[in-house]
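K.L.:
Attaching a single structure in structure tokens format; questions to follow.
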Amino acid sequence: MSVQKSYDELTFSDDFMFAKVMNDKKLCKQLLEIILGIKIKDISYPEKQKTIDITYDGKSVRLDVYIDDDAGTVYDIEMQTTVPPNIPKRTRYYQGMIDLNLIEKGADYNELRKSYVIFICTKDIFGLDEPVYRFENYCREHDLPLSDEAYKIVLNASSSKLNNTKLHKFLKFVHSGKSEDKFTESLLSAVKKAKLNKEWRTEYMTLLMRDNMNRAEGLAEGKTTATQLFQKLLRKIQPNTKDYEFLLNASYEELEKLAKKYNIEP
């Protein structure tokens, strides 16, 4: 869910543009190295915007940028411009789906590979103003790492603590769209180049048209219900809060989730 823009209005932080720019292997590899602070020899793309669909009830997850490296580590990088309340659970779900996708039935658990789920957020979902939040499983009593090699990283581009490191310059670029070094200048150039790609422009317009048609069909079927639920939530949720901002562009499904959170009957 996001505010609809024309193709020419897209920036690096928009999901569609982000995925296309990350098609550039060199830029994607550089970004991973900057986020993780390590050198990576090579990366590959098993699939572009990989969809994992392995559950019995047909639920699937589409990953923005899904990558392998030469050491066998798997990465999922997601761009997040809204602040839904479920990002921590989403990281858990994504990592679980990646594991299920990687290991075949009956295979040894040792075949599970090291994996990173990385969320690049334009806003702070934890409210501590940190630029980077890194998570792994630990024993609370002894500060002992579980060593399951499952890592989650959440980046906050809105932090006031950003300095002149490469990672922080990248986050400033995500936040403002202005480049401060060679890498972010390369990202900006890639965005400009992408806007000249006629195939991607057509793909985006097709997706936009499909979204509009789906929204129109949904409104035709339940316009009154959606409007009433929106009005109830609007009266309940305080202005200038994360949920209020999320509400303004929410789909009907997202309205229902918010209603449950605030104990409102649809």
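Straight run, no breaks: the sequence shown in the working numbering ends on number 624. Glycine residues also receive a C-beta, built at the ideal position from the N, C-alpha and C atoms. Since the structure is predicted, the reported quantities are computational estimates derived from the model, not experimental observations.
Given 7 Å as the limit, tell me if ILE483 has its C-beta closer than that to any heavy atom belonging to the ligand HEM.
P.N.:
The ligand content of the structure shown is nil, which means the ligand HEM is not present either.
K.L.:
Report back the beta-carbon spacing between PRO443 and LYS550 to the nearest angstrom; my notes put them in contact at under 8 Å.
P.N.:
Actually they do not touch by this definition, with Cβ atoms about 35 Å apart.
K.L.:
Return the first residue and the last residue of the beta strand (DSSP E) that GLU391 is part of.
P.N.:
It is not in any beta strand (DSSP E) - GLU391 instead sits in the alpha helix (DSSP H) that spans 383–394.
K.L.:
Return the bridge partner residues of MET437 from the DSSP annotation.
P.N.:
Answer is ILE478, bridged to MET437.
K.L.:
Which residues does DSSP pair with TYR509 in a beta bridge?
P.N.:
Beta-bridge pairing links TYR509 to TYR474.
K.L.:
Distance check for SER516 and LYS530, CA to CA, integer angstroms please.
P.N.:
Roughly 8 Å separates the two Cα atoms.
K.L.:
With a threshold of 16 other CB atoms inside 10 Å of the CB of PHE493, please say whether the residue is buried or exposed.
P.N.:
Counting Cβ neighbours within 10 Å, PHE493 comes out exposed, since fewer than 16 surround it.
K.L.:
Would you call CYS497 buried or exposed, if buried means 16 or more other Cβ atoms sit within 10 Å of its Cβ?
P.N.:
So CYS497 ends up on the exposed side.
K.L.:
Once DSSP output is grouped into helix, strand and coil, what is the label at VAL532?
P.N.:
DSSP places VAL532 in helix when its eight states are reduced to three.
K.L.:
Quick one: using the 10 Å Cβ neighbour count with 16 as the cut-off for buried, is TYR467 buried or exposed?
P.N.:
TYR467 should be labelled exposed.
K.L.:
Looking at the unbroken beta strand (DSSP E) that takes in ARG448, where does it start and where does it end?
P.N.:
Segment 445–460 is the alpha helix (DSSP H) holding ARG448; no beta strand (DSSP E) there.
K.L.:
Could you have a look at PHE484 and say whether DSSP puts it in helix, strand or coil?
P.N.:
Residue state, collapsed to three classes: coil.
K.L.:
My guess is that ALA377 and ASP434 are in contact by the Cβ rule of under 8 Å, so how many angstroms apart are they, rounded?
P.N.:
Not really, about 12 Å apart at Cβ, beyond 8 Å.
K.L.:
Exposed or buried, PHE484, counting other C-beta atoms within 10 Å across all chains shown (16 or more means buried)?
P.N.:
Result: exposed.
K.L.:
By how many angstroms is the C-alpha of ILE456 removed from the C-alpha of THR449?
P.N.:
Whole-angstrom Cα-Cα distance: 11 Å.
K.L.:
Exposed or buried, which one is ASP427 when buried takes at least 16 other CB atoms within 10 Å?
P.N.:
With 16 or more other Cβ atoms within 10 Å, it is buried.
K.L.:
I need the straight-line Cα distance from LYS510 to TYR474, nearest angstrom please.
P.N.:
Between LYS510 and TYR474, the C-alpha separation is close to 6 Å.
K.L.:
Taking the Cβ atom as the reference point for each residue, do ALA548 and ASP382 lie within a distance shorter than 8 Å?
P.N.:
Closer than 8 Å, so yes.
K.L.:
Do LEU525 and ILE393 come within 8 Å of each other at the CB atom, strictly closer than that value?
P.N.:
It is a contact, given that the beta carbons lie within the stated cut-off.
K.L.:
Under 8 Å between the Cβ atoms of THR431 and LYS472?
P.N.:
Yes, the pair counts as a contact, with Cβ atoms nearer than the cut-off.
K.L.:
From the DSSP output, which residues share a beta bridge with VAL423?
P.N.:
Answer is ILE435.
K.L.:
State the beta-bridge partners of ASN514 as determined by DSSP.
P.N.:
Partner(s): CYS479.
K.L.:
To the nearest angstrom, how far is it from the Cα of ALA552 to the Cα of LEU504?
P.N.:
Computed Cα separation, rounded: 42 Å.
K.L.:
Should ASP326 go down as buried or exposed, given a rule of 16 or more other Cβ atoms within 10 Å for buried?
P.N.:
The structure shown has nothing for residue 326, since the chain only spans 359 to 624.
K.L.:
Quickly, what does DSSP pair TYR491 with across the bridge? List them, please.
P.N.:
The partner list for TYR491 (beta bridge, DSSP) reads VAL512.
K.L.:
What is the rounded straight-line gap between the Cα of SER402 and the Cα of PHE477?
P.N.:
For SER402 and PHE477, the distance between alpha carbons rounds to 19 Å.
K.L.:
Pull up the distance between the alpha-carbon of GLN589 and that of GLU391, whole angstroms please.
P.N.:
When rounded, the distance between both Cα atoms is 46 Å.
K.L.:
Using a 10 Å radius around the Cβ and a threshold of 16 neighbouring Cβ atoms, would you call PRO404 buried or exposed?
P.N.:
Exposed, because fewer than 16 other Cβ atoms sit within 10 Å of the Cβ of PRO404.
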